[in-house]
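Novice: Right, I'll just put the structure down here and ask away after.
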Amino acid sequence: GAVVSQHPSWVICKSGTSVKIECRSLDFQATTMFWYRQFPKQSLMLMATSNEGSKATYEQGVEKDKFLINHASLTLSTLTVTSAHPEDSSFYICSARVTLSSYNEQFFGPGTRLTVL
Amino acid sequence: KNQVEQSPQSLIILEGKNCTLQCNYTVSPFSNLRWYKQDTGRGPVSLTIMTFSENTKSNGRYTATLDADTKQSSLHITASQLSDSASYICVVSLTDSWGKLQFGAGTQVVVTP
Numbered sequence: 158g159a160v161v162s163q164h165p166s167w168v169i170c171k172s173g174t175s176v177k178i179e180c181r182s183l184d185f186q187a188t189t190m191f192w193y194r195q196f197p198k199q200s201l202m203l204m205a206t207s208n209e210g211s212k213a214t215y216e217q218g219v220e221k222d223k224f225l226i227n228h229a230s231l232t233l234s235t236l237t238v239t240s241a242h243p244e245d246s247s248f249y250i251c252s253a254r255v256t257l258s259s260y261n262e263q264f265f266g267p268g269t270r271l272t273v274l
Numbered sequence: 010k011n012q013v014e015q016s017p018q019s020l021i022i023l024e025g026k027n028c029t030l031q032c033n034y035t036v037s038p039f040s041n042l043r044w045y046k047q048d049t050g051r052g053p054v055s056l057t058i059m060t061f062s063e064n065t066k067s068n069g070r071y072t073a074t075l076d077a078d079t080k081q082s083s084l085h086i087t088a089s090q091l092s093d094s095a096s097y098i099c100v101v102s103l104t105d106s107w108g109k110l111q112f113g114a115g116t117q118v119v120v121t122p
């Protein structure tokens, strides 16, 4: 089956630093990847849609200058949290889209736990 | 207001028992409805996916139903196992070209020995 990996699985950083999270599709190519954020006991919230070779599309309320997304290849998308603050602490999950015969499937990564001190 | 609402918010069941989770949605039109299982600290894993024309779909001990007229779906877990302890999320796939997903808040299931 389609496998999506994320790295790192967890990260702790100081307030004001930047953190990069990688999302890779291991056995398939994905022109579209999605980035989600999940706070404790809440559902996944879509942050942005990442398209290979073009600028990401951000959801309303998500600061594009704070959450930098780069989708430089068909198997890799990165999310950089710039000048992280404690309120950015969350569980970040990516997914990769696969177009099947009649619908779009999304395969999710295992998530990255970000803690900002 | 979330367009996908789930109930109950959480439940505790004894190992071996059955349980049913509910999902009401207002998203319309939609491409398909999915149920995901999310273990703590992990990404969601797909259990079932149904188009609006399908009424039921099974995956092992998991059986999902869909009533597109009443905009309701359910997930039935048969003969629960300890490994079934997780959050179960109802997700509606929009008809936009990206295939964006609208997530419910999930039902936290705890299976006890």
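These protein sequence lines are chains A and B, in that order. Take 158 as the starting number for the first sequence in our numbering and just add one per residue. Take 10 as the starting number for the second sequence in our numbering and just add one per residue. We treat Cβ as the ideally placed atom computed from N, Cα and C, and that holds for glycine.
DSSP has A/GLU244 in a bridge; who is on the other side?
Specialist: As a position in the first sequence, residue 244 of chain A is number 87, starting the count at 1. DSSP output for A/GLU244 lists no bridge partner at all.
Novice: How far does the beta strand (DSSP E) with A/ARG194 in it extend, from its first residue to its last?
Specialist: Along the first sequence, one-based indexing puts residue 194 of chain A at 37. Its beta strand (DSSP E) spans residues 189-195.
Novice: Go through its chain and collect everything with a Cβ distance to A/GLU209's Cβ below 6 Å, but skip five positions before and after it.
Specialist: Here residue 209 of chain A corresponds to residue number 52 of the first sequence, with the count starting at 1. Within the same chain, A/GLU209 has close Cβ partners THR188, HIS228, LEU231.
Novice: Near A/LEU201, which residues of its chain fall below 8 Å by C-beta distance, leaving aside the five closest residues on each side in sequence?
Specialist: What you label residue 201 of chain A is simply residue 44 of the first sequence in a count that begins at 1. So the list reads TYR193, ARG194, GLN195, ILE250, once near-sequence residues are dropped.
Novice: When the Cα of A/LEU274 is compared with those of A/LEU233, A/TRP167, A/SER246, A/VAL219, which residue comes out closest?
Specialist: For the purposes of this step, residue 274 of chain A is taken as residue 117 along the first sequence, with counting starting at 1. Here the closest residue by C-alpha is A/SER246.
Novice: Can you find a C-beta in chain B that's less than 9 Å from the C-beta of A/ILE226?
Specialist: The residue given as residue 226 of chain A occupies position 69 in the first sequence. Chain B, which has no Cβ nearer than 9 Å to the Cβ of A/ILE226, makes this no.
Novice: Report the three-state DSSP secondary structure of B/SER89 (helix, strand or coil).
Specialist: Within the second sequence, residue 89 of chain B is the residue found at index 80, counting from 1. B/SER89: coil per DSSP, three-state reduction.
Novice: Give the secondary structure of A/ASN208 by DSSP, where H, G and I count as helix, E and B as strand, and everything else as coil.
Specialist: On the first sequence, residue 208 of chain A is found 51 positions in, with the first residue counted as 1. Reduced to three states, the DSSP call for A/ASN208 is strand.
Novice: In terms of residues, what are the limits of the beta strand (DSSP E) holding A/SER162?
Specialist: Counted from its first residue, the first sequence places residue 162 of chain A at position 5. It spans 161-164 - the beta strand (DSSP E) in which A/SER162 sits, taken as one unbroken run.
Novice: So does B/PRO38 have its beta carbon nearer than 8 Å to some heavy atom of the ligand MN?
Specialist: Annotation note on the ligand MN: not contained in the displayed structure, which lists no ligands.
Novice: Who are the Cβ neighbours of B/THR72 in its own chain at under 6 Å, not counting the five residues just before and after it?
Specialist: Against the second sequence, residue 72 of chain B aligns to sequence position 63. Hits under 6 Å: HIS85.
Novice: Ends of the beta strand (DSSP E) at A/GLU176?
Specialist: As a first step, residue 176 of chain A must be located in the first sequence, where it is residue number 19. At residue 176 of chain A the sequence reads Val, which differs from the Glu that was named. Start and end: 176-182.
Novice: Rounded to whole angstroms, what's the CA-CA distance from A/VAL176 to A/ALA241? Just pull it up for me.
Specialist: Taking the first sequence and counting its residues from 1, one reaches residue 176 of chain A at position 19. Taking the first sequence and counting its residues from 1, one reaches residue 241 of chain A at position 84. One C-alpha to the other measures close to 7 Å.
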